[in-house]
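One structure below.
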Amino acid sequence: MLEEAGEVFDNMLKASLPLTLIVFLPAVLLLVSPLQAEAAHEFTVYRMQQYDLQGQSYGTRNAVLNTEARTAEADVLSRRCVLMRLADFSFEQYQKALRQSAGAVVILLPKDMAALPQEIVQQFMAIEPEMLSMETQVPVYFAVEDGELISIYEQTLAASANQGTSSAAEVLLHTATANGFQMVTSGAQSKAVSDWLVTSVEGRLTGLGAEDLPTIAIVAHYDSFGVAPWLSYGADSNGSGVAILLELARLFSRLYTYKRTHANYNLLFFASGGGKFNYQGTKRWLEDHLDHTDSSLLQDNVAFVLCLDTLGSGDSLHLHVSKPPREGTLQHIFLKELEMVISTQFPDVKFSMVHKKINLAEDTLAWEHERFAIRRLPAFTVSHLDGHRSGYRNSVLDLRWKVDTDVLARNALILAETLTRVVYNLTEKGTPPEMQIYTQQMKASEGLRMESSECRAVMRPPVMILHQEGGRSEDHVTCSEEQAASRRGIILMHSASSEQVQKEQLDAVIHWLTSQPRAAQLVDKESSLLSTLEHYMNRYLKDVKLYHVKADKRTSASFTGWFRKFPGRPNNNEGINSS
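Going left to right, the sequence shown walks through residues 5 to 583 as the numbering used here numbers them.
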């Protein structure tokens, strides 16, 4: 019956009989009048970033949506909500939707991101910055697939495909009889966030000796970034950097507890906020310490600043510098010790120094150490990435599964070995390059023991030699070992698990960090993330404090609403409550 009606309607179109149309069309519409909506499906969506940085606008400018769903396969996308699945996503289709002034774009993400082929992951990581750089009035949202959402997509896909191959009559009839979906958001447009507050956490271990001891600063930014703030978990960038910073704080706090292992260096630990927005937390922290404070560890004798960024995967480590270290400086000593530790103890790891000058013409700095270099403080960044433009650093696909805990523990061990050799000047005192100071073995006991008063007096500060023999913890060092160590000018000490790199603890920290999105605009001063971070640092460091500062309006980002939940409503055919 419907086929016959379609043929008649096609013939009428060709004949162009207005009177017949007036008489006939109501009959057809009555014949195929759609049923009322049977159900509505409500789902949560996450809005694309919207922010302004140094006068440049990024992301979507609109949030309100009330339009019918289509897929990218439809010929006409104007004023339609275009559904796209990440598995089939292409930047060309996305641009097509924007060119045709789509009513909105909703990108569907799979529940199990780890199952995505690496080709798709790499492709989308490369696309995310391009999506943000295209300022648009089209609302762009992301949603995590469920059974209902997949069903809606498949029905919409079938309807969109039919529209491209059907006659005008068939399109009209299909529109009247098929399931359609009206995508609706509720609420008003989002408002800009003014006076954005950036919070950072600082703690220290004061060295043994005079007041003007050299200071080594260890820095990592804790915030994450991706095309959608509420989906930005930042496992590798920079959860891995924060995890290693906390592990180094734990290890050195044990060494600084005992007078015989209390080094003549101040260690300053800084977990910075606003890192993904031109390192705003670090910028304001430096201004506070260097411009507005009479007494600061950063004002006088800074040996170097070690920044940690993206250290949770890969078989390479790179030391990024703005200026190659001069021979004879502590920076250069750190570089040489790092090269030696990797080549002798971790020969499978590839290492290189990457020299990149600071480009002040760019909207954002490449690495966090550049903030320090601008203020003439010697600094560098360690990362498994060989370049700052890698998609790994700014992606919603940087999830827990991107961090290999074994690699994270290995990199923590490399940096702990290197820093300990630098702080205690061990290589110059004769410690063999292949001798490992720490291990990744984990034991249940705690504490520190030294045997033989004769050996205790040999040299200060001593080195911690951590080892395990025969599957059990040794609680003394044999005399022959001590005598050999004395000839090298080193005290051998044995420690329990508290002075070892603890893989389980690193894994727990990464799990905690990736259990919540850490986009800068989501972390306010009351955030549980900051209170937990402060509590953790208080366990191992002294003078731990939170820094709450307003971002510099000349160079910082201003944000507009990032999250919306659709209650939605049905249309004449079938409805969804979208969020």
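Built from N, CA and C at the ideal position, the CB exists for glycine as well.
It should be emphasised that the depicted structure is a prediction, and the values quoted were computed from it without experimental measurement.
Asked	Found
Which same chain residues, not among the five before or five after L120, have their C-beta less than 8 Å away from its C-beta?	L90, A91, P114, L401
Within 10 angstroms of the Cβ of V427, are there 16 or more other Cβ atoms? Answer buried if so, exposed if not.	buried
Using a Cβ-Cβ cutoff of less than 7 Å, which residues in the same chain neighbour P329 once the five nearest sequence positions on both sides are dropped?	Q335, H336, L339
Based on Cα-Cα distance, which residue from T333, H392, D319, Q349 lies nearest to V358?	H392
Using CA coordinates, which residue listed in P233, I346, T368, L419 is at the minimum distance from P521?	P233
Would you tell me roughly how many angstroms separate the C-alpha atoms of D528 and Y540, rounded to the nearest one?	18 Å
Let me check one thing: in DSSP terms, what residues is Y62 bridge-paired to?	Y55
Which same chain residues, not among the five before or five after T64, have their C-beta less than 6 Å away from its C-beta?	M52, Q54, T140, P143, V144
Buried or exposed for T435, going by 16 or more other Cβ atoms inside 10 Å?	buried
Touching or not, the segment 362–375 and the segment 208–221, by the rule of three or more beta carbon pairs under 8 Å?	no
With H, G and I counted as helix, E and B as strand and the rest as coil, what does DSSP make of S356?	strand
Give every residue of the same chain whose Cβ lies closer than 6 Å to the Cβ of P382, excluding the five residues on either side of it in the sequence, and list them in chain order.	F308, Q335
Please list, in chain order, all residues of the same chain as W405 whose beta carbon is under 8 Å from its beta carbon, the five residues on each side excluded.	M117, A118, A239
Using three-state DSSP, classify Q506 as helix, strand or coil.	coil
Excluding the five sequence neighbours on either side, which residues of its own chain have a C-beta within less than 6 Å of the C-beta of L290, listed in chain order?	R379
Measuring straight from C-alpha to C-alpha, what distance separates L403 and V223?	22 Å
Given a cut-off of 8 Å on the beta-carbon distance, is the pair F93 and I111 in contact?	yes
If we count the other Cβ atoms within 10 Å of its Cβ and call it buried at 16 or more, is V548 buried or exposed?	buried
On the DSSP bridge assignment, give the partners of I222 in chain order.	F273, L310
Between S137 and L102, what straight-line distance do the alpha-carbon atoms span, to the nearest angstrom?	13 Å
Using only the alpha-carbon positions, how far apart do N363 and G151 sit?	48 Å
Which value, in whole angstroms, describes the spacing of the CA atoms of L161 and T385?	47 Å
Between which two residues does the beta strand (DSSP E) containing H552 stretch?	546–554
Report buried or exposed for N305, applying the criterion of at least 16 other Cβ atoms within 10 angstroms of its Cβ.	exposed
Give the straight-line distance between the Cα atoms of Q303 and K554, rounded to the nearest whole angstrom.	22 Å
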